[in-house]
Amino acid sequence: MQPITKELLLDSLNQALEFSNPLTDVISTEQFSSTYPQRPAWAVGPFRQDGSLTFRQEQDWPDPTGIGWTSDSIFNPSLMERDGRLHLFYRASPRKESIASRIGMAVHDPATGWRDNAENPVIFPTRDNEVLGCEDPKVYAAGGRYYMFYNGIFTIGKDDRPSGFQPDNYPLGDVGCDINLAISDDLVHWEKHGLVVPHEVSQFWAKGAVIPRRANGEAVKIAGEYLMYLSEGCGGVTHVGRSPDLVNWTFSPQEYLDLGPWVVRCTRWRARSLTTPKPSWCWTSSTATPTATSPRPRPCTTYTSLLPKRLSTRVDPWPGEGSSSSVASGCSPKAGTPRPDPGKCISTAPNPAKSRKHRKHRSGAVNA
């Protein structure tokens, strides 16, 4: 990994200014918000653009790196509400989907509308693993503080090889992506805490930092731990992170729920202090994915991927290990079925082979 210098920052800016991608150059907010005549049954939406909540960056920020950095595109935002106002964190780039990005913040007050933060950028390259930019913020609240996980983009050196590195299984080229952490008490001033996913795990590429959270942005613990799902990287092997405090993380391989045309039935455990099991829906067909015209599923109780390893309170017993849970007939696991591990499910059909295709990093562009 190359040490960060002003010369390397200027070089990344020049590369970004020359970048162009025909596929993304023509995409606009209006296209994302459009309604299309042939809308598939599985589609979410349609969405519409709300002009009163649309933020536009009106002017460039001062450049703390002193290289004349400017932006012409903002995207990939994260929202946090505080004291009745919305705080919008967004990625700003010299060109759409280019490298050399920074992270800015704007505040929406219901009485006055949007105001860009006068101290932007709130996050910009200062570390070696950020020499090609800081991207894609994801902000969470916990214990009165705020935690931002963002991508740090860097150049992979010829001698950079973490333990177990297998470039043929997950080719990256010469560009790497780390998940970094910054912490704030006021959503304006941020202190960087560095790398979250070790290179031995990420193999120089990790994205996502998806943590279960409430609607107000507060991160949620599952069985006493925060969970982090990584969307890509780690040599093509899906990983889940666990942390007691959102700062110190351990990661381990774990398969995610298969979203193909195979039914996965599970049952959620609920502590008795939370009353009876909460019904959810369980599809009975094992041959097709539900559509808008599929019959309404019958209620059952499902064990989900959030099944905890440890519980400090009594829980509804697994079938065959005690009194009966309130599980609908025909959707319950049979007595004697092994208890599922956290993150694993009981499937009615074999999981098909999975193929994961890495979106190759080319021409200095960072795929979001």
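Numbered per our numbering, the sequence shown spans residues 27 to 394.
Here a beta-carbon is modelled for each residue, glycine too, at the ideal position from N, C-alpha and C.
What residue from the options has the CA that sits closest to residue i's CA?
i, options, result
"ASN102", "TRP68, PRO88, GLU156, VAL165", "VAL165"
"VAL273", "TRP140, ASN40, MET254, HIS134", "MET254"
"VAL214", "ILE248, PHE81, LEU112", "LEU112"
"TYR176", "GLY234, ARG187, VAL201", "GLY234"
"PRO151", "GLY178, ASN40, ALA167", "GLY178"
"ASP194", "GLY170, GLY220, HIS219, GLN229", "GLN229"
"PRO270", "GLY250, GLY261, LEU256", "GLY250"
"GLN85", "LEU79, THR91, PRO147, GLN75", "PRO147"
"VAL201", "GLY159, ASP212, PRO224, LYS218", "GLY159"
"MET174", "ASP212, ASP185, PHE191", "ASP212"
Starting from the C-beta of residue i, find all residues in its chain whose C-beta is less than 8 Å away, skip the five residues before and the five after it, and write them out in chain order.
i, result
"GLN28", "LEU34, ASP154, VAL157, PHE180, THR181, GLY183"
"GLY220", "ARG153, ASN206, LEU207"
"GLN41", "SER124, ILE125, ALA126, GLY390"
State the CB to CB distance for the pair residue i and residue j, rounded to an integer number of angstroms; the pair is presumed to be in contact (CB under 8 Å).
i, j, result
"ASP142", "GLN83", "6 Å"
"CYS203", "GLY259", "7 Å"
"ILE205", "ALA232", "5 Å"
"TRP87", "LEU39", "About 14 Å separates the two Cβ atoms, so there is no contact after all."
"ILE104", "PHE115", "The amino acid at residue 104 is misidentified as Ile; the sequence shows Ser. Correct: roughly 5 Å between the Cβ atoms."
Using a Cβ-Cβ cutoff of less than 7 Å, which residues in the same chain neighbour residue i once the five nearest sequence positions on both sides are dropped?
i, result
"LEU246", "Checking the sequence shown, residue 246 turns out to be Val, not Leu. Cβ neighbours of VAL246 beyond the five flanking positions: PRO238, ARG239, ARG240."
"LEU43", "PRO120, ARG121"
Might you give, ordered along the chain, the residues of its own chain that have their beta carbon closer than 6 Å to the beta carbon of residue i, omitting 5 neighbours on each side?
i, result
"PRO279", "VAL263, HIS265"
"TRP140", "PHE81, ALA132, HIS134"
"MET106", "HIS113, VAL165, GLY243"
"LYS360", "Low confidence applies to LYS360: its pLDDT is 48, below 50, so where it sits in the model is not reliable, and the reading given next is rough at best. Same-chain partners within the cutoff: there are none."
"THR31", "none"
"SER338", "Here SER338 scores only 31 on pLDDT, less than 50, and its place in the model should not be relied on; the value that follows carries that caveat. If we look at SER338 and ignore the five residues flanking it on each side, it has no Cβ neighbours."
"SER320", "Unreliable positioning characterises SER320 in this predicted model, as indicated by a pLDDT of 43, which lies under 50. The coordinate reading is nonetheless provided below. For SER320, where only same-chain residues beyond five positions count, there are no Cβ hits under 6 Å."
"ASP37", "none"
"ALA137", "none"
"GLY130", "TYR116, ALA118, ASN146, PRO147"
For a quick check, are the C-beta atoms of residue i and residue j less than 8 Å apart?
i, j, result
"ALA208", "ILE248", "no"
"ILE100", "ARG117", "yes"
"VAL222", "TRP275", "yes"
"PRO188", "GLU226", "yes"
"TYR196", "GLY110", "no"
"SER210", "TYR252", "no"
Original post:
Is the region 37-56 close to the region 122-129, with three or more CB pairs under 8 Å?
Top reply: yes
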